[in-house]
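Per our numbering, residue 18 is the first one in the sequence shown, and the count goes up by one each step.
We treat Cβ as the ideally placed atom computed from N, Cα and C, and that holds for glycine.
Please read all numbers here as calculations on a predicted model, not as lab measurements.
This report concerns only the one structure given below.
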Amino acid sequence: MFLGRARVRPFASSMSPGAGRPFKMTRRQKRAIKLQQLRDDTLALNDLVRYAQASLNLNISRQTVSRILREFDLVSYVAPRKPQITHEQRRCRIFWCYKHLSWTETDWPNVIFSDEANFEIVNRNNRIYIRRFRNDLKRHERFQPRVHRGGGLGIWSYITYNDLGPLVFFNGRLNSDKYIEILENNLPNVFEKFSSEQSKKILYQQDNARPHTSAKTSKYFKKKH
18 MFLGRARVRP
28 FASSMSPGAG
38 RPFKMTRRQK
48 RAIKLQQLRD
58 DTLALNDLVR
68 YAQASLNLNI
78 SRQTVSRILR
88 EFDLVSYVAP
98 RKPQITHEQR
108 RCRIFWCYKH
118 LSWTETDWPN
128 VIFSDEANFE
138 IVNRNNRIYI
148 RRFRNDLKRH
158 ERFQPRVHRG
168 GGLGIWSYIT
178 YNDLGPLVFF
188 NGRLNSDKYI
198 EILENNLPNV
208 FEKFSSEQSK
218 KILYQQDNAR
228 PHTSAKTSKY
238 FKKKH
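Here's what the structure looks like:
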C-alpha cells in the first residue's frame with residue numbers, strides 16, 4: 018500500500034527458525050544440576066553455581082539455578098531439629114513401651130509426664146536448608162540432629178490424663194538445684210488435682226536427663242515422695 022509518496026510493505030511478526038537469542042542451557046545441563054542437588058539435598062544455590070561453572074562450563078546466576086530447580090518442582094525448607102538418640106536410649110524407650118502395653122484407661126490417669134525444653138533466642142545461624150521434591154512423601158523425615166547444650170530460655174511443664182500444666186520458665190542450663198526448685202514450687206499443686214484414692218498411685222514420669230537422675234535429685238525424691 019502507499020502512504021503519501023512512501024511505499025509501506027507488510028511484514029510477518031513471526032520469527033524464522035533459528036532466529037533470536039539461543040537458550041543458554043540445554044535440557045541435559047538442567048538435568049545435571051537437578052541430579053547434583055538430589056545427590057546432596059543440603060547444597061546451597063551458590064554450591065550449584067560453582068558446580069555449573071566447574072563441571073558444565075556454564076556462567077549462570079543463583080536466580081537461574083533457583084528457576085531450574087523450581088522447574089523440576091524442587092522446593093527448599095528448613096530441616097526440623099530433633100534430639101540425637103543413642104542406641105541405648107532407643108532400647109530403653111522401646112522397653113518402656115513394652116512394659117506398659119498392658120496398661121488400661123484406669124492406669125494412665127495416675128501418671129504425671131514432665132519435660133523441659135530450651136530455646137535459643139539469639140543464635141539462629143545453624144539452620145540447615147533442604148531441597149527436595151514437593152511431593153516427596155519422605156520429605157519431612159529429613160531432620161537436623163540437635164545436641165542438648167542448654168543456655169537460652171528454658172521451660173518446664175507437665176501433662177496428665179486430664180490436665181495441662183503451666184509453663185515454668187528458667188534461664189540458662191538446668192541443673193539439679195534448679196530442677197529441685199521447680200519441683201518444690203509446682204508438684205504440690207499438681208498433686209492437689211488428684212483424688213485421695215489416686216494420690217496413692219501417682220507415678221511421676223521423667224526422662225533420664227542428668228538433672229533428673231543425679232544423686233542429689235534421687236535423694237530429693239526418696240525424701241519427699
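Closest Cα partner of residue i within the set the options
i: residue 69; options: 81, 58, 217; result: 81
i: residue 230; options: 125, 191, 83; result: 191
i: residue 238; options: 204, 53, 121, 90; result: 204
i: residue 59; options: 149, 225, 180, 228; result: 149
i: residue 175; options: 67, 134, 87, 212; result: 134
i: residue 6; options: 200, 84, 210, 44; result: Examination of residue 6 is not possible in this model, given that the chain is present from 18 through 242 alone.
i: residue 87; options: 54, 118, 115, 76; result: 54
i: residue 197; options: 179, 234, 218, 223; result: 234
i: residue 206; options: 228, 182, 217; result: 182
i: residue 45; options: 72, 57, 64; result: 72
i: residue 236; options: 224, 193, 209; result: 193
i: residue 83; options: 110, 47, 104, 111; result: 47
Beta-bridge pairing of residue i - partner residues as DSSP gives them
i: residue 133; result: 173
i: residue 93; result: 148
i: residue 187; result: 171
i: residue 181; result: 176
i: residue 2; result: Given that the chain is displayed from residue 18 to residue 242, the structure contains no residue 2 and the question cannot be resolved.
Straight-line gap, residue i to residue j (C-alpha atoms, nearest Å)
i: residue 99; j: residue 146; result: 15 Å
i: residue 94; j: residue 132; result: 28 Å
i: residue 172; j: residue 195; result: 12 Å
i: residue 127; j: residue 106; result: 25 Å
i: residue 178; j: residue 213; result: 16 Å
i: residue 240; j: residue 124; result: 25 Å
i: residue 220; j: residue 62; result: 52 Å
i: residue 202; j: residue 215; result: 21 Å
i: residue 77; j: residue 102; result: 41 Å
i: residue 116; j: residue 226; result: 20 Å
i: residue 49; j: residue 56; result: 11 Å
i: residue 108; j: residue 118; result: 16 Å
i: residue 228; j: residue 113; result: 20 Å
i: residue 209; j: residue 144; result: 43 Å
Whole-number beta carbon distance between residue j and residue i, since they are thought to touch under 8 Å
i: residue 170; j: residue 136; result: 5 Å
i: residue 130; j: residue 222; result: 5 Å
i: residue 65; j: residue 42; result: Not quite, the Cβ-Cβ distance comes to about 13 Å (not below 8 Å), so this is no contact.
i: residue 258; j: residue 51; result: There is simply no residue 258 to check, as the chain begins at 18 and stops at 242 in what is shown.
heavy atom of the ligand SAH below 7 Å from residue i C-beta
i: residue 44; result: Within the structure as shown, the ligand SAH is missing, as the structure has no ligands at all.
Cβ of residue i within 8 Å of any chain C Cβ
i: residue 70; result: The structure shown contains no chain C; it holds only a single protein chain.
> What runs of the alpha helix (DSSP H), each 4 residues or longer, lie entirely inside the stretch 193-225?
Replying inline: 193-208
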